[in-house]
Structures are given as structure tokens and as C-alpha cells.
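Remarks on the structure that follows.
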Amino acid sequence: MSSIISRMRCAVLGAGLAGTDLLYKLNRSVHLDARWMIDIHPTAAGLAQAREFGLRTVAGTLADALPQLIEDRVRLVFDASGGARHPEHAQQLEQAGIRVIDLTPAANGPLCMPAANLEQVLRTAPRSICLVGGGAQAVVPLLRAMTNIQQLAYGEVAVTAPANTCGPACLGNVDEMTHHTARAMERVGGARQGKAILLFSPGQPQPLRASLRCLTEDLVEETALFTAVNATVSRLQRELPGYRLARAPRFQARQVDLEVEIEGLGDSLPPYAANLDLLSLAALRCGEALAGARS
6 MSSIISRMRC AVLGAGLAGT DLLYKLNRSV HLDARWMIDI HPTAAGLAQA
56 REFGLRTVAG TLADALPQLI EDRVRLVFDA SGGARHPEHA QQLEQAGIRV
106 IDLTPAANGP LCMPAANLEQ VLRTAPRSIC LVGGGAQAVV PLLRAMTNIQ
156 QLAYGEVAVT APANTCGPAC LGNVDEMTHH TARAMERVGG ARQGKAILLF
206 SPGQPQPLRA SLRCLTEDLV EETALFTAVN ATVSRLQREL PGYRLARAPR
256 FQARQVDLEV EIEGLGDSLP PYAANLDLLS LAALRCGEAL AGARS
């Protein structure tokens, strides 16, 4: 029996911070074969990095690159361009029979936080999967773990990330990212009502922090929630060892307070850029799951 692994051919659309960080993850994958990177800016640093990794590059739009992707039998595109352009990209890729994983906050397709609902999303055989952003990837699995124990009436998160980890496309979509993070807290995390606050600090870069406050409908089941939270943290640490509780969870009557501090892998940016790692690792996990699900 042959031991050769057939890898799914893929492309990255967008050579900004998120797309470039994703390249490093894809370069280590045994299930995905990253072959193309596309960006409208010919001098984008990500295109140069892609060429160093041996990828072919296109300085143009998705429409410019699509004939080459089809000819090369690309089956998956990671869209790390911008939320405003994603609906058009998704339509073009669907017509070409190419699946898309959306790293923008466009929310075109099912919301997926792999540590919380990957198997559920895959069962729907989606053509497009939306990851929302690093903030959602950081906190929604914790919410999901708690709602598996008892119903949460409310969840509120404040995420603080260094400003230099958010490129122009990210800064232009903060409102959309905030909105869809709150929706992910409800639809995937299970909170009846969610609220998100995303902050980008211009000062000395510090590790990403997420402060989460939840209100339960009944009195807190402290022991069960503590166990569920710690199990989720341990699971997330398998892919991102720098994910940790900043302090022990605090329980009081119907209130739960959590704070996580996250350091990234330091691939394309220093470890304080964990919001990029959370997003690109989620994209990688979804892509590898799609590759493994092929018939």
C-alpha cells in the first residue's frame, strides 16, 4: 500500500498580516498543499514570503487568478483579504467549485470556532466557513464549555490586542468584527445574549488579553464549570501553548469571571501577535478537516 499522502491544493487570498501568518502554518501542514498567494498590491511583503516558500503568486484580483487556480486544480481558498470584498470572492469561488475559508468578518457561511463546533459545521458540508476573528476564537470555546454545563443568560468579553497586529483590512472592519464576535458568542457559544468589545492598544505591545464575564440563569455550578474551563484551556494549549488563564476563575452567585492571556507562536510576528495565531490556526484546522473529509 502506498504511503504517499494526497494533499489538498489550496491558495491564500490576501498577503497582509493574517494571510502571511497563515502561510507559515500551511508550510508545516501534511494535509494541505499551499500553491498560490494572491494580492492586489504587487509589493506586498506576503507575496515575497510566499515566493520564498515556493508558492506561485499573482499581483491582482481573485478574478485575475481564478483561471490559473482552476487549471492547477486548487480545491480550497483561504480568504484573508477584507470583509467588504469577501461576498464577491465567495460567489466567484462557489461558481468555480472551490471551497473557501473566510478569515474576514464578513460572516458569509456558518460561524466556526474549531475548538467548539468544527464537527457540527462539517456535517453541513459547507462551501464557505467563517472564522470571524482571533477574539472569537479566543473566547467562544470557553463559553461553549460552560453552556454545556448550564445555561448562560449573558456573556461579555473585552479583548485587547496590540495595534500593530491589526492591518488596514482589520482596522476597516472593527465594527463588523465586534458585531460578529458577539453573534458567535450567542450562536456558537450558547449565551442567550453576547456583547464584545475589541480594543487595539497603541502602546508597548503586550500579549493578547481577553476578559470574560458571564451570568448564569441559575446559581453557578462552580466545580463543574471549573473543570470544563480547565479542560478547554488544556485542549487549546495543544495547538497554542501560550494560551493560559491569567488568574483562577472567579465564581459568585450567578456570575463567572475569566481572564486569559495568550502568546502566539512567533511565526510571522513576535509572540504578542496571538490574535493572528488564533485565526490562522483555526483556518488551518478547518482546512485540514476539509482535506481529511474528502472522499
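Numbering (my numbering), first residue to last: 6 to 300. Where a beta carbon is used, it is the ideal one built from N, C-alpha and C, also for glycine.
Round the Cβ separation of T109 and G139 to the nearest angstrom and send it over; I've been treating them as touching at under 8 angstroms.
Working through the sequence shown from its first residue, we reach residue 109 at position 104. Working through the sequence shown from its first residue, we reach residue 139 at position 134. Rounded, the Cβ-Cβ distance is 12 angstroms, inconsistent with contact.
Name the two residues that bound the continuous alpha helix (DSSP H) containing L289.
For the purposes of this step, residue 289 is taken as the residue at position 284 of the sequence shown. Its alpha helix (DSSP H) spans residues A279 to G297.
Using a Cβ distance threshold of 8 angstroms, determine whether the stretch 116 to 130 contacts the stretch 141 to 148, with at least three qualifying pairs required.
yes
With distance defined between alpha-carbon atoms, name the residue in A39, S216 and Q100 nearest to L18.
Along the sequence shown, one-based indexing puts residue 18 at 13. Ranking the options by Cα distance to L18, first place goes to A39.
Below 8 angstroms, can you find three or more Cβ-Cβ pairs linking the stretch 201 to 217 to the stretch 261 to 276?
Put simply, the stretch 201 to 217 touches the stretch 261 to 276. At least three CB pairs are less than 8 angstroms apart.
Out of curiosity, what's the CA-to-CA distance linking N178 and H91?
As a first step, residue 178 must be located in the sequence shown, where it is residue number 173. As a first step, residue 91 must be located in the sequence shown, where it is residue number 86. Their backbone Cα atoms lie some 12 angstroms apart in a straight line.
Which of helix, strand or coil does DSSP assign to P207?
Looking up residue 207 in the sequence shown gives position 202. Note: P207 maps to coil in three-state DSSP.
Which residue marks the beginning of the beta strand (DSSP E) containing V126, and which one marks its end?
As a first step, residue 126 must be located in the sequence shown, where it is residue number 121. Segment P119 to L127 is the alpha helix (DSSP H) holding V126; no beta strand (DSSP E) there.
Inter-residue Cα distance where the pair is I75 and T66:
As a first step, residue 75 must be located in the sequence shown, where it is residue number 70. As a first step, residue 66 must be located in the sequence shown, where it is residue number 61. So the two alpha carbons sit approximately 15 angstroms from each other.
Less than 7 angstroms between the beta carbons of T237 and A150, yes or no?
Against the sequence shown, residue 237 aligns to sequence position 232. Against the sequence shown, residue 150 aligns to sequence position 145. Cβ distance < 7 angstroms, so T237 and A150 count as in contact.
Could you compute how far the alpha carbon of A1 sits from the alpha carbon of F83?
Outside the displayed span of the chain (6 to 300) sits residue 1, for which this structure offers no information.
Cβ-based burial, E222 [other Cβ within 10 Å; buried from 16]
In the sequence shown, the residue the question calls residue 222 occupies position 217. By the 10 Å Cβ count, E222 comes out exposed.
CA-CA distance, T232 and H184?
Start at 1 with the first residue of the sequence shown, and residue 232 comes out as number 227. Start at 1 with the first residue of the sequence shown, and residue 184 comes out as number 179. If you take the alpha carbons of T232 and H184, they lie about 30 angstroms apart.
For E227, I'd like the list of residues in its chain whose CB is within less than 8 angstroms of its CB, leaving aside the five on either flank, ordered along the chain.
Your numbering for residue 227 matches position 222 in the sequence shown. Correct list, in chain order: F256.
Proximity below 7 angstroms, CB of A95 to CB of V105
What you label residue 95 is simply residue 90 of the sequence shown in a count that begins at 1. What you label residue 105 is simply residue 100 of the sequence shown in a count that begins at 1. The Cβ-Cβ distance between A95 and V105 falls below 7 angstroms.
Using a 10 Å radius around the Cβ and a threshold of 16 neighbouring Cβ atoms, would you call S285 buried or exposed?
For the purposes of this step, residue 285 is taken as the residue at position 280 of the sequence shown. S285 comes out buried.
Please list the terminal residues of the continuous alpha helix (DSSP H) segment that includes P92.
Position 87 of the sequence shown holds residue 92. Here the alpha helix (DSSP H) through P92 covers H91 to Q100.
Counting Cβ pairs, one atom from each stretch, are 3 or more of them under 8 angstroms apart for the stretch 24 to 34 and the stretch 48 to 58?
yes
Between which two residues does the alpha helix (DSSP H) containing R56 stretch?
Sequence index remark: in the sequence shown, residue 56 carries index 51 (1-based). In the DSSP assignment, R56 falls within the unbroken alpha helix (DSSP H) covering A50 to E57.
Can you say whether V35 is buried or exposed, counting buried as having 16 or more other CB atoms within 10 angstroms of its CB?
Numbered from its first residue, the sequence shown carries residue 35 at position 30. Label assigned to V35: exposed.
Tell me which same chain residues have a C-beta within less than 6 angstroms of the C-beta of K200, skipping the five on either side of it?
Here residue 200 is taken as the residue at index 195 of the sequence shown, counted from 1. The residues are E161 and A187.
Which first and last residues belong to the beta strand (DSSP E) in which C171 is found?
In the sequence shown, counting from the first residue as 1, residue 171 sits at position 166. No beta strand (DSSP E) contains C171, which DSSP labels as neither H nor E.
Can you list, in chain order, the residues of its chain whose CB lies under 8 angstroms from that of K30, leaving out five sequence neighbours each side?
Reading the sequence shown from its first residue, position 25 is the one you call residue 30. These residues qualify, in order along the chain: D272, S285, L286, A288 and L289.
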